[in-house]
Amino acid sequence: MTRRTHWIRRGLLGAFAAAAFGLAPASVPAQDLYGTLAKIDDAGEMVIGHRETSIPFSWIGNDGEPQGYSIDLCLRIADAVKEALGKPDLGVRFVPVTPQTRIPLLANGTIDIECGSTTNKLSRQEQVAYLPVTFITGTKLLVKTGSGVETLDDLSGKRIALAQGTTNERVIKAAIEAGGLDVDVLNVKDHAEGFLSLETDRVDAYSTDHILLLGLITRSRDPENYEVVGDFLSYDPYAIMVRRDDSAFQLLGTRVLADLFRSGEIREIYAQWFEPFPTSDDVSEPPTELLEAAWSLNALPE
Amino acid sequence: MQYNWNWGILLQDPYLGWLISGVGWTLAVASAAWVIAFTLGSVVGVARTLPNRWVRGIATAYVELFRNIPLLVQLFIWYFVVPELLPDDWGRWVKRDLPLPEYTTAVVGLGVYTASRVAEQVRSGIESISRGQSMAGYASGLTSAQLYRYVLLPVAYRLIVPPLTSEFLTIFKNSSLALTIGVLELTAQSRQITEYTFQGFEAFTAATVMYVVITLLVTAGMSLVERRARIPGFIAGGTDR
């Protein structure tokens, strides 16, 4: 018997059974899978894209393994995928991504989900889709303590490092242009390199999301030498990124997060990574009212 | 693959301008680095064939050091580590007041790395000339300098035109690593377009095409050099003269 007739026969039998007994099948039959779920089922593994220096969302710990708030959330989603596919021993593989590679690698199927510190933006939604918001932050400046720099205006005639491909890069460049400021920009690859540039006096400031700046400070040798200054220059809601036009997988992820938000379990996961930071007992960032509101709004009922 | 193609993005303002300026920086980095690579590489390559043991040793050490460390690592060292090893004032000057610090560092880093490779080719060119020629040179009363100037180098350079062409091509491709220290050359500009438009496949296809065009032009130019510099009957037909 060919595989095809086998499928048809199974399908007919299933339809007959469902019609006869008015019962829906308990789990999704393999041939109905599509998109990311079908790909994971075929490959026998789920591939998680992670970041290397986004503390405490997604970074490489001292043991060399990716870890963090976003990673924890993605591992919950991986558990739900195992359950949905009925494959408890499904493999999970981590692939490092950067701000530049995260969208191409997701679009071309190298990774199935991106768990980092990615802002949900409408322009990005032309290429990818997002799960509900998991954190809210915005652009600030990191400077050396006592540098006298408080706002972007103070950087006139000075130099700032910006990580290529981040939303912050665009915000700062736009602000420099709008204000007609004479600020020189150094392009860096990631947060670690941006911080290194500030540490070695190559630039006077580094700018990214304020929560990541705090994370960078906790990793430095002398945290008291650095401070985060200025007002929020942007609104950056973080979300886990998935492929576009794949509502089944998106629904699965949304359901996992909504469950965590509704049950309040999200608070425990959050506290584990932010109160205090795993890299320093001195830095703690309780959830803001805005974040609490985002959790409540996305705690959709079952 | 789920992807919305949009080739028109490449011709839009400011993205077209970014690509053009990227090509400009790529050419600027690669050609300036090639000047260093060719000059320094020639000196080191000749030094490796000289009779003096100390000179040979230093030249060999140079080649082994710069040839064996990955270029990416070398650029990182030049850019981040070297200024820290200098006295404070100098380090600060390198980091802040040096004209175009990223560009200059990239040119020096790429230049001295490629020099080690050029040196090996110059050396192999010189060593491939039969000892009889040197002996004949000395016998007719030439000094070492004259021997190199009138006999060995003119032949050696002609022999190594093909491998030098490869090296020259490689320097254009290797110049893309300059983006790791903040030079906005072609690859970096493609990345930047990707980040602004999320149309990465188009941007990198454009970059690929431009690299191919640049390297084809270099190949064409070098094959002209090769034809002009060929010594009739020296390599081809060497067995039947």
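Just so you know, the sequences run in chain order A and B. Mapping of the first sequence onto our numbering: position 221 corresponds to residue 221, and the numbering continues sequentially without gaps. Mapping of the second sequence onto our numbering: position 62 corresponds to residue 1062, and the numbering continues sequentially without gaps. Just so you know, even glycine gets a beta-carbon here, dropped at the ideal spot from N, CA and C. Keep in mind it's a predicted model, so treat the numbers as computed, not measured.
- Contact check for A/Thr119 and A/Thr53: beta-carbon distance about 16 Å, past the 8 Å limit, so the pair fails to qualify.
- Using a Cβ distance threshold of 8 Å, A/Ile160 and A/Ser207 count as a contacting pair.
- Across the segment 201 to 233 of chain A, CB contacts with chain B closer than 8 Å involve Asp201, Arg202, in sequence order along the chain.
- The continuous beta strand (DSSP E) containing A/Trp59 extends over residues 58 to 60.
- Contacts with chain A (Cβ-Cβ distance below 8 Å) from the segment 1076 to 1090 of chain B involve Phe1080, Pro1083, Glu1084, listed in chain order.
- Taking a Cβ-Cβ cut-off of 8 Å, B/Phe1172 has no neighbours in chain A, whose nearest Cβ is about 21 Å from it.
- For A/Asp153 and A/Leu131, the gap between their C-alpha atoms comes out near 36 Å.
- Counting only Cβ-Cβ distances below 8 Å, B/Leu1184 has contacts in chain A at Asn187, in chain order.
- B/Gly1091 has its alpha-carbon roughly 39 Å from the corresponding atom of B/Ile1160.
- At least one CB atom of chain B sits nearer than 8 Å to the CB of A/Pro104.
- A/Asp42 has its alpha-carbon roughly 10 Å from the corresponding atom of A/Leu33.
- For B/Pro1083, the uninterrupted alpha helix (DSSP H) run begins and ends at 1082 to 1085, by DSSP.
- If you draw a 10 Å sphere on the C-beta of A/Asn187, you find 16 or more other C-beta atoms in it, and that means buried.
- Burial is judged here by how many other beta carbons sit within 10 angstroms of a residue's own beta carbon; A/Asn298 has at least 16 and is buried.
- Minimum Cα-Cα distance from B/Ser1134 among the listed residues B/Ala1106, B/Ala1188, B/Leu1152, B/Glu1064 corresponds to B/Leu1152.
- Sequence-ordered contacts of the segment 247 to 272 of chain A with chain B are nonexistent [C-beta pairs closer than 9 Å].
- According to the DSSP assignment, B/Asn1068 belongs to the alpha helix (DSSP H) that extends over 1053 to 1068.
- Residue-level contact check: A/Arg124 touches chain B, since one or more beta carbons of chain B fall below 8 Å from its beta carbon.
- Under the criterion of beta carbons closer than 8 Å, B/Val1063 and B/Ser1144 do not qualify as touching, at roughly 21 Å.
- Assigned with DSSP and collapsed to three states, A/Val185 falls in strand.
- Per DSSP, the continuous alpha helix (DSSP H) segment holding B/Pro1154 begins and ends at 1153 to 1159.
- If you ignore the 5 residues before and after A/Gly194, its C-beta comes within less than 6 Å of the C-beta of Ala161, Ala163, Val188, Tyr206, all in its own chain and listed in chain order.
- For A/Ile160, the three-state secondary structure derived from DSSP is strand.
- Interface annotation, B/Ala1188: in contact with chain A, CB-CB separation under 8 Å.
- Counting other Cβ atoms within 10 Å of its Cβ, B/Trp1054 stays below 16 and is therefore classed as exposed.
- Per DSSP, reduced to three states, the secondary structure at A/Val242 is strand.
- Of all residues in the segment 159 to 174 of chain A, the ones placed with a Cβ closer than 9 Å to any Cβ belonging to chain B are Arg159, Ala161, Gln164, Gly165, Thr166, Glu169, Arg170, in chain order.
- Distance from the CA of A/Val283 to the CA of B/Ile1009, rounded to the nearest whole angstrom, comes to 44 Å.
- In chain A, no part has a C-beta under 9 Å from the C-beta of B/Thr1205; the shortest such distance is about 12 Å.
- Here A/Val81 is near A/Ile40, since their CB atoms are less than 8 Å apart.
- The residues Tyr1003, in chain order, have a CB closer than 7 Å to that of B/Phe1201 in the same chain once the five nearest residues on each side in sequence are set aside.
- In the structure shown, A/Val143 adopts extended strand secondary structure according to DSSP, grouped into three states.
- Contact check for A/Arg124 and A/Glu114: beta-carbon distance about 11 Å, past the 8 Å limit, so the pair fails to qualify.
- Taking a beta-carbon distance threshold of 8 Å, B/Phe1198 counts as an interface residue toward chain A.
- Taking all protein chains shown into account, A/Gly116 has 16 or more neighbouring C-beta atoms within 10 Å of its C-beta and is therefore buried.
- Residue contact with chain B for A/Ala107: present (Cβ-Cβ distance below 8 Å to some residue of chain B).
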